[in-house]
Every structure is written in C-alpha cells, then in structure tokens.
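Same order as they appear, the protein sequences are chains E and C.
For this note's numbering, add 44 to where a residue sits in the first sequence, where the first one is 1.
For this note's numbering, add 250 to where a residue sits in the second sequence, where the first one is 1.
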Amino acid sequence: GAVVSQHPSRVICKSGTSVKIECRSLDFQATTMFWYRQFPKQSLMLMATSNEGSKATYEQGVEKDKFLINHASLTLSTLTVTSAHPEDSSFYICSARQTATNEKLFFGSGTQLSVL
Amino acid sequence: RKEVEQDPGPFNVPEGATVAFNCTYSNSASQSFFWYRQDCRKEPKLLMSVYSSGNEDGRFTAQLNRASQYISLLIRDSKLSDSATYLCVVISANDYKLSFGAGTTVTVRA
C-alpha cells in the first residue's frame with residue numbers, strides 16, 4: 045500500500061529555534077497534504093491543507109507565519125515551526141491524498157516535538 | 251457545536267465482551283464516513299469504511315444512521331489488542347473536507 049514517510053519522529057529543541065518536519069509520499073504523487081497537531085488525550089486538529097504548487101490553506105486560529113508549510117513537489121511537504129515555544133510542544137502528523145477528492149488518506153508516523 | 255462528536259469514554263470492558271459507541275456529525279451534507287484506530291502516539295490507521303447499509307469486518311460492525319446523523323462501531327468478542335482510541339472521520343460532500351472526532355478510548359482487560 046501507499047506509504048507516507050515523516051521525519052524526524054522525535055525532536056527536542058530549545059525555545060526560539062525553528063524546527064522543520066518533512067512528509068514524503070513514497071510511491072504515489074500527493075496533490076494534497078494535510079498537517080495536524082494532537083495534544084495529549086485530544087483529537088487530531090487540522091492545521092492546514094497544502095496543495096502542490098500553491099499556498100497552504102490554514103485553519104482558523106493557526107498562525108501561518110509561525111507554521112510555514114511548503115509543498116514544492118508532488119511528493120514532499122514540509123512544516124516549519126518557527127521560533128518554537130514550549131506551548132508548541134505537541135505531536136504533529138501529516139497525511140496525504142492522491143487527489144483533492146480522493147477519500148483515502150495515508151498518514152505519516154508523526155513527529156513528537158518537545159520545546160524546552 | 252463541533253462538526254463531529256464522540257463519547258470520549260473510556261470504555262473498560264473484559265475480554266470477550268461486546269462494546270459499542272457512536273459518533274454524531276452536524277453537517278447533513280456529509281457523504282463519507284470512516285472509523286480509524288489510533289494507538290498512543292501513533293498515526294491513525296483505517297479500520298473500516300461505513301456504508302449506508304451497514305457493514306461488517308470480522309468482529310467489527312459499522313452502521314450509519316443518516317436520519318439521526320450518527321455512525322456507530324460495535325466490537326464483538328473483544329480482544330486485548332482492541333485497546334485503542336477509535337476516531338470517526340466524516341467527509342463533507344461540498345469540499346471533501348475531513349473532520350475528525352476526538353476519539354473514543356476502549357480498554358479491554360484480561
């Protein structure tokens with residue numbers, strides 16, 4: 045089946061630094077990728093939707109200048125958490141769709157970000 | 251009101267028991283429904299789609315009630331390995347937007 049690779053799986057960083065998380069579709073072209081955040085014991089919260097070659101669409105309350113999303117190719121999307129703070133510590137997961145209307149989602153394995 | 255709501259549980263059941271829980275959705279234009287399973291700090295994995303007529307996959311039965319706008323998941327003969335959080339996912343017909351429920355935690359004890 046289709047595989048989405050996400051890395052790093054875990055990152056610990058100092059407050060004020062930036063962290064980049066990569067999400068790659070390994071055996072299919074993903075026109076749409078999604079980024080989620082999940083706090084402990086809470087559900088996945090959609091942060092943004094990115095379509096290849098265009099600007100990401102951010103959900104209400106998500107700062108686009110803080111969470112930079114780049115979807116420069118059909119197999120790679122990146123999320124950069126800029127000037128990370130302890131409250132940004134969370135589990136971040138990406139998922140990919142082959143087309144905008146394809147219902148099947150393929151998830152990355154997630155990145156646990158801890159900001160000290 | 252949240253687009254998708256689930257009873258968070260936890261549902262603590264003994265091995266072999268049957269456990270069932272629902273997920274309600276607010277958007278009547280929702281067209282597709284799924285149950286995902288998520289283990290702690292792992293990515294969600296698709297458990298099963300939910301069809302209008304209801305469907306079974308082994309010990310798992312999913313139902314859709316469009317009139318009352320909810321889907322359900324029933325697990326028969328629970329196994330220890332069924333312990334997880336079950337997320338319902340609803341896709342809107344308008345924009346294919348996915349909405350996740352907060353998850354229902356099931357713990358199966360020996």
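Note that beta-carbon positions come from the ideal geometry of N, C-alpha and C, so glycine has one too.
All figures in this text were calculated on a predicted structure; none of them were measured in a lab.
So with CB distances below 9 Å, who are the chain E contacts of C:G351? Here the question's residue 351 of chain C lines up with position 101 in the second sequence. In chain order: S87.
In chain E, what lies closer than 9 Å to C:L314 by C-beta? As a position in the second sequence, residue 314 of chain C is number 64, starting the count at 1. Neighbours of C:L314 on chain E: none; closest Cβ ~15 Å, over 9 Å.
Compute the distance between the beta-carbons of C:D426 and C:T354, then report whether it is under 7 Å. No answer is possible for residue 426 of chain C: it lies beyond the span of chain C, which begins at 251 and ends at 360.
How do the region 258–271 of chain C and the region 301–308 of chain C stand: do at least 3 beta-carbon pairs fall below 8 Å, yes or no? no
Mind reading off the beta-carbon distance from C:P294 to E:F72? Whole number of angstroms is fine, and I expect it under 8 Å. Your numbering for residue 294 of chain C matches position 44 in the second sequence. Your numbering for residue 72 of chain E matches position 28 in the first sequence. The C-beta separation of C:P294 from E:F72 comes to about 18 Å, leaving the pair out of contact by the 8 Å criterion.
What does the Cβ neighbour count give for C:R309, buried or exposed, with the cut at 16 atoms within 10 Å? By one-based count along the second sequence, residue 309 of chain C stands at place 59. Counting the other CB atoms within 10 Å of its CB gives C:R309 a total below 16, which places it among the exposed residues.
Looking at E:C57 and E:A128, is the spacing between their C-beta atoms short of 7 Å? Walking along the first sequence from the start, residue 128 of chain E turns up at place 84. Walking along the first sequence from the start, residue 57 of chain E turns up at place 13. Against a cut-off of 7 Å, the Cβ pair of E:C57 and E:A128 comes out as a contact.
Between the alpha carbons of E:S94 and E:I65, how many angstroms are there, rounded? The count along the first sequence starts at 1 and reaches residue 94 of chain E at position 50. The count along the first sequence starts at 1 and reaches residue 65 of chain E at position 21. When rounded, the distance between both Cα atoms is 14 Å.
Which chain E residues sit within Cβ distance under 7 Å of C:L330? Within the second sequence, the letter at position 80 stands for residue 330 of chain C. By Cβ distance, chain E contributes nothing, its closest Cβ being about 21 Å from C:L330, past 7 Å.
Look up C:L330 in the DSSP assignment and say whether it is helix, strand or coil. On the second sequence, residue 330 of chain C is found 80 positions in, with the first residue counted as 1. In the three-state scheme derived from DSSP, where H, G and I count as helix and E and B as strand, C:L330 is classed as helix.
Specify the secondary structure class of C:D307 as computed by DSSP and reduced to three states. For the purposes of this step, residue 307 of chain C is identified with residue 57 of the second sequence, where counting begins at 1. C:D307: strand per DSSP, three-state reduction.
Cross-strand partners of E:H51 (DSSP beta bridge): Reading the first sequence from its first residue, position 7 is the one you call residue 51 of chain E. E:H51 pairs with E:E66.
What residues from chain E crowd round C:S282, counting only those whose CB sits closer than 9 Å? Stepping through the second sequence from its first residue, residue 282 of chain C is reached at position 32. Those within 9 Å of C:S282 in chain E are E147.
At least three beta-carbon pairs within less than 8 Å, the region 73–85 of chain E to the region 270–286 of chain C: no
Span of the beta strand (DSSP E) around C:A270: In the second sequence, counting from the first residue as 1, residue 270 of chain C sits at position 20. First-last of the beta strand (DSSP E) with C:A270: V269 to Y275.
Measuring alpha carbon to alpha carbon, tell me which of C:L323, C:S318, C:K292 and C:A360 ends up nearest C:K329. Numbered from its first residue, the second sequence carries residue 329 of chain C at position 79. Comparing Cα positions, the closest option is C:A360.
Taking Cβ to Cβ, would you say E:R141 is nearer than 7 Å to E:T76? The residue you call residue 141 of chain E lines up with position 97 of the first sequence. The residue you call residue 76 of chain E lines up with position 32 of the first sequence. The answer is yes: Cβ separation under 7 Å.
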